[in-house]
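Chains as they are written, first to last, in numbering that gives the first Met the number 0: chain A, 0 to 95; chain B, 0 to 95.
Worksheet: the structure to be examined is printed underneath.
There are 2 protein chains.
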Amino acid sequence: MSHAELEALRERADEINLQILKLINERGRVVQEIGKAKEAQGVYRYDPVRERKMLNQILESNDGPFEQSTIQHIFKEIFKASLELQEDDHSKALLV
Amino acid sequence: MSHAELEALRERADEINLQILKLINERGRVVQEIGKAKEAQGVYRYDPVRERKMLNQILESNDGPFEQSTIQHIFKEIFKASLELQEDDHSKALLV
């Protein structure tokens, strides 16, 4: 593999990083909307059944190269961060 | 917000999950290719300077709602998993 080919792979990795970033943040905004809706309905935000369902759907669609345990670990981090985002919004709402 | 609107947001979250999954796995394949190329050149795979550069580029592009520390944490997990993938390939290559 030439230096130029290696460079092209790195550029592709950089592009993918930014696409993942964009999607994670879009997901964050969607989850914020969901949190507001549940808040208005007086429903507690964390829903382990919904989280399990999402994880199962993701794992069923995983065709590698990452193993199930790795994908599960990464998505649990994304879910945790999203929940914290909702909690921040909740705290801010209480302060108003 | 109606039940239908909440359901639509959940469907959007599900779609985004699968798009993120697809990109993470695509990134895994690109990183495997990079690993093979570096292996052929006899270069050690882990490159902290390249990792820092990627993180900086990602953080510069982060426009929220997630905080920089959260984005950095999630991407470090993705990078770690990718490195493990290269290490698995390396071990398999040694066994051949």
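Even glycine gets a Cβ: it sits at the ideal position worked out from N, Cα and C.
Just so you know, these numbers come straight off a predicted model, no measurement behind them.
With a threshold of 8 angstroms between beta carbons, is residue i in contact with chain B?
i, result
"D13 (chain A)", "yes"
"D46 (chain A)", "no"
"Q56 (chain A)", "yes"
"S60 (chain A)", "yes"
"Q18 (chain A)", "yes"
"Q31 (chain A)", "yes"
Around the Cβ of residue i, are there at least 16 other Cβ atoms within 10 angstroms (buried) or fewer (exposed)?
i, result
"A39 (chain A)", "exposed"
"Q85 (chain B)", "buried"
"P64 (chain B)", "buried"
"N55 (chain A)", "exposed"
"R26 (chain A)", "buried"
"S81 (chain A)", "buried"
"V42 (chain A)", "exposed"
"V48 (chain B)", "exposed"
"L93 (chain B)", "exposed"
Any beta carbon of chain A sitting closer than 8 angstroms to that of residue i?
i, result
"L82 (chain B)", "no"
"E6 (chain B)", "no"
"H89 (chain B)", "no"
"G41 (chain B)", "no"
"A36 (chain B)", "yes"
"R51 (chain B)", "no"
"E76 (chain B)", "yes"
"E86 (chain B)", "no"
"L93 (chain B)", "no"
In the structure shown, what three-state DSSP assignment does residue i receive?
i, result
"R49 (chain B)", "helix"
"V42 (chain B)", "coil"
"N182 (chain A)", "Within the shown structure, residues of chain A are numbered from 0 to 95, placing residue 182 (chain A) beyond reach of any answer."
"D62 (chain B)", "coil"
"S1 (chain A)", "coil"
In chain order, what residues of the same chain have a beta carbon less than 7 angstroms from the beta carbon of residue i, not counting five sequence neighbours either side?
i, result
"Q67 (chain B)", "L58, N61"
"Y45 (chain B)", "L82"
Near residue i, which residues of its chain fall below 8 angstroms by C-beta distance, leaving aside the five closest residues on each side in sequence?
i, result
"F74 (chain B)", "M53, L54, I57"
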